[in-house]
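Written below as structure tokens is the structure these notes are about.
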């Protein structure tokens, strides 16, 4: 069995992520070095995905729906072994993709801590430790991830 995915494209559709990739499946059963019941399919897999950020700032994509197209981008109805291979291997592989957002968040925290006076560092540290992912918004060409934080008190500069 060999499954190849190529030509990925990503865009926003109805506040979700539309991920599309070309898929080529070649499979069969070998008996005495002869392939019997060979299967070959080529087309496109389109996944409607919901972006999710966990508490450790890992961005992943949960598949909500999927559609198969033939190699001419027409609706394709494959069933049986070929569909099982695409669903099991390709879906699983693509859902396993994550993006670690922790490094840029740590960099943001190091910048923010420098913006406050030294005598205000304890509340600033508590604020930074409370940072967590917020609402995720998709629009054409961008994915925005809100950052929530708790602020116990505000700093007011002396006006003397």
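Numbering (the working numbering), first residue to last: 264 to 423.
Yeah, the Cβ is synthetic: ideal placement off N, Cα and C, and Gly gets one too.
Item	Value
When you compare only the Cα positions, how much space is there between residue 322 and residue 279?	14 Å
Express the C-alpha separation of residue 349 and residue 290 in angstroms, rounding to a whole number.	11 Å
Between which two residues does the alpha helix (DSSP H) harbouring residue 371 extend?	365–377
Identify whether residue 353 lies in helix, strand or coil by the three-state DSSP scheme.	helix
Taking the alpha-carbon of residue 269 as reference, which of 309, 294, 275 has the nearest alpha-carbon?	309
Given that a residue counts as buried once 16 or more other Cβ atoms are within 10 Å of its Cβ, and exposed if not, what is residue 390?	buried
When we look at the beta-carbon of residue 288 and count the other beta-carbons within 10 Å, is it buried (16 or more) or exposed?	buried
Which residues does DSSP list as the beta-bridge partners of residue 304?	288
Take the Cβ of residue 380 as the centre, count every other Cβ of all protein chains shown within 10 Å, and call the residue buried at 16 or more, exposed below.	exposed
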